[in-house]
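Novice: First residue of the sequence shown? That's 661 in the working numbering, and the numbers climb one at a time after it.
We put the beta carbon where it would ideally sit given N, CA and C, even for glycine.
Values in this document were obtained by computation on a predicted structure and should not be read as measured data.
Before I ask anything, here is the structure I am working with.
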Amino acid sequence: MIASLFVVACNQQEKAKPHSYTLVVSLDGFRWDYTDHANTPTLDSIALHGVKANSLIPSFPTKTFPNHFTLATGLYPDNHGIVLNGFYAPDLDRYYFLRNRKSVEDPLFYSGEPIWVTAEKQGVKTASFYWVGSEAAIQGIQPAYWKKYQHDFPFEQRIDTVIRWFSLPQSERPELVMLYFHEPDQTGHAKGPASDSTRKVIEYMDNLLADLCSKLSRLPIADSLNLIVLSDHGMGAFDEIIFLDDYIDTSWFSEIQGWNPNYVFKAKTAYYDTAFVSLQKIKGARTWKHGELPARLHYGSNPRTLDFITVADRYKGLMFSWDHREGGGKGTHGYDNQFKDMHAIFYASGPSFKEYYVSPAFQNIHIYSMLAEILEIKPANTNGSIDSIRHILK
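In structure tokens form, the structure reads like this:
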């Protein structure tokens, strides 16, 4: 009910005020159909009064860091350079790992222009609470307000910080805030997407959104605030684990990067052909040479994807035997983005969005262009287009 009041208040406005505000909330790993399997009154209310997409189609590989930076830049991972959650960059002769502070803060890893850089360059103040890339000074620019990632920082306090940002004097107040939560991804990995534990976390996240909406509704700017709730990818169960070391010898490679179900390999020259033939023999996975993936995936041409790209088939797990932990995981993501279990969510309400509108599924490369349109700033060149999703805006 509280969420509904916020949504209605936002949608009473026929058009955005001169000073409109936008909050983007990411619920990591929230699959497109989770609301069909759990009690989610807050998201249901936003869908009822605002916009809901049938699904948000992630970019390949359907991993967290690549897709969050795609959401921020409008570029495919091949073009923005964050090709996996962890990778070797031969162009820099450096490694990028999501838990390595030095690498995530290094702007050289990031290509393209995140929406906060575009906005700040044009005098629009922004804020980020843990969005991928915001901890690096890309083009020498960061959001006016940003946080260093602390995984265990309480979700409730993240919300309170956002409310404080939106309560600042107008001259200091960000017009765009991006907020990240690592659930239900964490539980979906551990327990599986269909588990009771995951259902309970989905409902907990919906309750958090209710608290957020309640607090937003009491702000003086409530009637000029857009709320967007989305996710980076979905979650898939796997019923069989394939061990890579049953097919390949790690001594054939100078680099092996990735995690279930995606890997990239750099073969030693003497073993290039042997390695490729052996990878192709994996039952339940596909392997391509660099630059030879299907065009629809828009992946595999960046030098950071190395010589070979391997991805498991849907419902298959792929890892090395020594990485396997008994009971250590029931769900994963990273599969082909045509696999519907990989699809994400998109909900939106506020003065910029239509009311009572269900949108066909669309690709996440268009989110950057949509945010630029709402913020009334000139976008950088991207792979996306506002024309592809203009139909969801007023």
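Starting from the Cα of Trp692, find the closest Cα among Pro718, Gly710, Tyr681 and give me that residue.
Specialist: Pro718
Novice: For Ala779, decide whether its Cβ has a neighbour in chain D, counting only Cβ atoms nearer than 9 Å.
Specialist: No chain D appears in the structure shown, which is made up of a single protein chain.
Novice: Here's the rule I'm using: 16 or more other beta-carbon atoms within 10 Å means buried, otherwise exposed. How should Gln672 be labelled?
Specialist: In this prediction, Gln672 has a pLDDT of 40, which is less than 50 and means its spatial position is unreliable; what the coordinates show is noted afterwards. Exposed.
Novice: For Phe999, tell me which candidate among Phe720, Gln917, Ile706 has the shortest Cα-Cα distance.
Specialist: Phe720
Novice: Return the CA-CA distance between Phe968 and Lys949, expressed in angstroms with no decimal places.
Specialist: 5 Å
Novice: Please name the residue, chosen from Ala804, Glu843, Phe841, Pro814, that lies closest to Phe826 on a Cα-to-Cα basis.
Specialist: Ranking Ala804, Glu843, Phe841, Pro814 by Cα distance to Phe826 puts Ala804 first.
Novice: Starting from the N-terminal side, write out each stretch of the beta strand (DSSP E) that is 3 residues or longer and does not extend beyond the segment 948–1014.
Specialist: 968–972, 976–979, 1006–1009
Novice: Along the beta strand (DSSP E) that carries Met895, what are the first and last residues, could you check?
Specialist: Note, Met895: premise wrong, no beta strand (DSSP E); not H, not E.
Novice: List the whole-angstrom C-beta distance separating Leu716 from Asn1024, where the pair is believed to meet the contact cut-off of C-beta under 8 Å.
Specialist: 5 Å
Novice: How should Tyr1016 be labelled, buried or exposed, when 16 other C-beta atoms within 10 angstroms of its C-beta is the threshold for buried?
Specialist: exposed
Novice: So the candidates are Gly977, Pro701, Lys860; which of them puts its Cα closest to the Cα of His993?
Specialist: Gly977
Novice: If you reduce the DSSP assignment to three classes, tell me which class Gln846 lands in.
Specialist: helix
Novice: Per DSSP, what kind of secondary structure is Asp831 in: helix, strand or coil?
Specialist: The sequence given here places Ser at residue 831; Asp does not occur at that position. Three-state result, Ser831: coil.
Novice: Rounded to whole angstroms, what is the Cα-Cα separation between His958 and Asp738?
Specialist: The C-alpha of Asp738 is placed about 7 Å away from the C-alpha of His958.
Novice: Does the segment 775–786 come into contact with the segment 836–852, if we say contact requires no fewer than three beta-carbon pairs (one atom in each stretch) closer than 8 Å?
Specialist: yes
Novice: Given this structure, state the Cα-to-Cα distance separating His740 from Cys873, to the nearest angstrom.
Specialist: 33 Å
Novice: Distance, Cα to Cα, Ile655 vs Asn714?
Specialist: In the structure displayed, the chain extends from 661 to 1054; residue 655 sits before or after that span and is not available.
Novice: Which residues share a DSSP beta bridge with Ala927?
Specialist: Phe913
Novice: Looking only at its chain, what residues have a beta carbon closer than 7 Å to the beta carbon of Asn951, apart from the 5 residues adjacent to it on each side?
Specialist: It should be pointed out that residue 951 corresponds to Gly in this sequence rather than to Asn. Non-local C-beta neighbours of Gly951 in its own chain, meaning closer than 7 Å and more than five positions away in sequence, comprise Gly960, Ser961, ordered along the chain.
Novice: Answer with buried or exposed for Glu795, where buried requires no fewer than 16 other C-beta atoms within 10 angstroms of its C-beta.
Specialist: Buried, because 16 or more other Cβ atoms sit within 10 Å of the Cβ of Glu795.
Novice: Where DSSP assigns a beta bridge to Gln1023, which residues make up the other side?
Specialist: Beta-bridge pairing links Gln1023 to Ile717.
Novice: Between which two residues does the alpha helix (DSSP H) containing Ala707 stretch?
Specialist: 701–709
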